[in-house]
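Enquirer: Please find one structure pasted underneath; my questions will follow.
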Amino acid sequence: MTIRRLAGWIFVCAMLSVAGPCPAAPAQKNWLPTVDPKLPNVLLIGDSISIGYTMGVRELLKGEANVFRPCTPDGTKVVNCSDTSTGLDKLAEWLGDKKWAVIHFNWGLHDLKYMAPGEGKRKTVLDKAKGKQVRSVEEYAKNLDEIVTRLKATGAKLIFATTTLVPEGEPGRVAGDDVKYNAAALDVMKRQGVAIDDLHAITKGFAPEMFSKPGNVHYSEAGSERLAEQVAGAIRGALK
2 MTIRRLAGWI FVCAMLSVAG PCPAAPAQKN WLPTVDPKLP NVLLIGDSIS
52 IGYTMGVREL LKGEANVFRP CTPDGTKVVN CSDTSTGLDK LAEWLGDKKW
102 AVIHFNWGLH DLKYMAPGEG KRKTVLDKAK GKQVRSVEEY AKNLDEIVTR
152 LKATGAKLIF ATTTLVPEGE PGRVAGDDVK YNAAALDVMK RQGVAIDDLH
202 AITKGFAPEM FSKPGNVHYS EAGSERLAEQ VAGAIRGALK
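Residue numbers (our numbering): 2 to 241.
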């Protein structure tokens, strides 16, 4: 299966809220990598955007690293790492007892979104007009600072991926908040001495066909493939 088709299938999973296993696709139903004990371990932490590029990064780094991301122990369900408060709660679980060579991580899109009460089975919905922002930029920065401190304790090389573009018309996010939250994150990373993978800069220049649809933060097959290339390159550089 090509990286482009792989990214496309993962995008479908992301759009299904990635709460359960992906539709039957033999090449990617297992989110656990086939581990080569001679290779370094790499951990990807992030939201549905990172889910969309995980398999592509794994394919691109085949023979160079074992690429993991949070998932269930049997590998059948992938984990969306959500906002920074979730990160603080779950980080120890996601790190486990492995020796990590590189940790590529991101938080932001779930912190800056606005959520309102939903109806029926949907307890909450994206709504920037009536909703409440999940985390203020100040809360985000404070939580992110603590997360970085905990990550540094692993001894791994750290790479922070900036929050990807919030386009105009996004129903639960305000365009421009991505810039504000990234500025706060970059202050944290500069102080903590963490390398940056600027995914925002790349996605800011994406053509419309790189997005899943107008006004949506998710990406098409081509978009996820391009992000995988960028992330794999950043990790490859850190492994040298």
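Ideal Cβ placement from N, Cα and C applies to all residues, glycine included.
(1) Tell me, to the nearest whole angstrom, how far the beta carbon of Pro168 is from that of Val218; I am working on the premise that it is less than 8 Å.
(2) Return the CA-CA distance between Gly194 and Ile148, expressed in angstroms with no decimal places.
(3) Given a cut-off of 8 Å on the beta-carbon distance, is the pair Lys133 and Arg174 in contact?
(4) Measure how close the beta-carbons of His105 and Ile160 come, nearest whole angstrom, since I'm counting them as under 8 Å.
(5) Between Lys153, Ala185, Pro209, which has its C-alpha nearest Ala102's C-alpha?
(6) Between Lys129 and the rest of its own chain, which residues show a CB-CB distance below 6 Å, the 5 nearest in sequence each way excluded?
(7) Using C-beta distances below 7 Å, list every residue in its chain close to Asp178, excluding the 5 sequence neighbours before and after it, in chain order.
(8) What are the boundary residues of the alpha helix (DSSP H) that includes Val189?
(9) May I ask you to verify whether the segment 75-95 touches the segment 32-39, counting CB pairs closer than 8 Å and requiring at least 3?
(10) Give me the Cα-Cα distance between Thr164 and Asp48, rounded to the nearest whole angstrom.
(11) Taking only the alpha-carbon atoms, compute the straight-line gap between Asp37 and Arg136 and give it to the nearest angstrom.
(12) With a cut-off of 8 Å on the beta carbons, I'd call Ile46 and Cys82 a contact; round off their distance for me.
(13) Are Asn42 and Asn67 close, meaning C-beta to C-beta below 8 Å?
(14) Would you identify the three-state DSSP class for Lys214, choosing helix, strand or coil?
(15) Curious, which full-length alpha helix (DSSP H) runs of at least 4 residues does the segment 127-183 contain?
(16) With distances taken between CB atoms, is the gap from Leu62 to Arg237 smaller than 8 Å?
(17) Suppose only complete runs of 4+ residues qualify. What are the alpha helix (DSSP H) ranges in the segment 69-103, listed by chain order?
(18) Quick check on Thr150: buried or exposed, where buried means 16 or more other Cβ atoms within 10 Å of its Cβ?
Expert: In brief:
(1) For the purposes of this step, residue 168 is taken as the residue at position 167 of the sequence shown. For the purposes of this step, residue 218 is taken as the residue at position 217 of the sequence shown. Yes, they are in contact, since the Cβ atoms of Pro168 and Val218 sit about 7 Å apart, within 8 Å.
(2) For the purposes of this step, residue 194 is identified with residue 193 of the sequence shown, where counting begins at 1. For the purposes of this step, residue 148 is identified with residue 147 of the sequence shown, where counting begins at 1. If you take the alpha carbons of Gly194 and Ile148, they lie about 14 Å apart.
(3) As a working mapping, residue 133 is identified with position 132 in the sequence shown. As a working mapping, residue 174 is identified with position 173 in the sequence shown. It is not a contact, given that the beta carbons lie outside the stated cut-off.
(4) Locating residue 105 in the sequence shown gives position 104, where the first residue counts as 1. Locating residue 160 in the sequence shown gives position 159, where the first residue counts as 1. Correct: roughly 5 Å between the Cβ atoms.
(5) For the purposes of this step, residue 102 is taken as the residue at position 101 of the sequence shown. The option with the nearest alpha carbon to Ala102 is Lys153.
(6) Numbered from 1 along the sequence shown, position 128 holds the residue referred to as residue 129. Answer for Lys129: Tyr115, Gly173, Val175, listed in chain order.
(7) In the sequence shown, residue 178 corresponds to position 177, counting from 1. Taken in chain order, the residues that qualify are Leu113, Val167.
(8) As a first step, residue 189 is located in the sequence shown; it is residue number 188 there, counting from the start. 178-193 is the span of the alpha helix (DSSP H), which, as asked, contains Val189.
(9) yes
(10) The residue given as residue 164 occupies position 163 in the sequence shown. The residue given as residue 48 occupies position 47 in the sequence shown. Cα to Cα, the separation comes out at about 10 Å.
(11) In the sequence shown, the residue the question calls residue 37 occupies position 36. In the sequence shown, the residue the question calls residue 136 occupies position 135. Roughly 39 Å separates the two Cα atoms.
(12) As a first step, residue 46 is located in the sequence shown; it is residue number 45 there, counting from the start. As a first step, residue 82 is located in the sequence shown; it is residue number 81 there, counting from the start. That pair is a contact at about 5 Å.
(13) Start at 1 with the first residue of the sequence shown, and residue 42 comes out as number 41. Start at 1 with the first residue of the sequence shown, and residue 67 comes out as number 66. A contact, by the Cβ cut-off of 8 Å.
(14) Start at 1 with the first residue of the sequence shown, and residue 214 comes out as number 213. It is coil, neither helix nor strand.
(15) 138-153
(16) By one-based count along the sequence shown, residue 62 stands at place 61. By one-based count along the sequence shown, residue 237 stands at place 236. For Leu62 and Arg237, yes; Cβs fall inside 8 Å.
(17) 85-96
(18) Here residue 150 is taken as the residue at index 149 of the sequence shown, counted from 1. Exposed, because fewer than 16 other Cβ atoms sit within 10 Å of the Cβ of Thr150.
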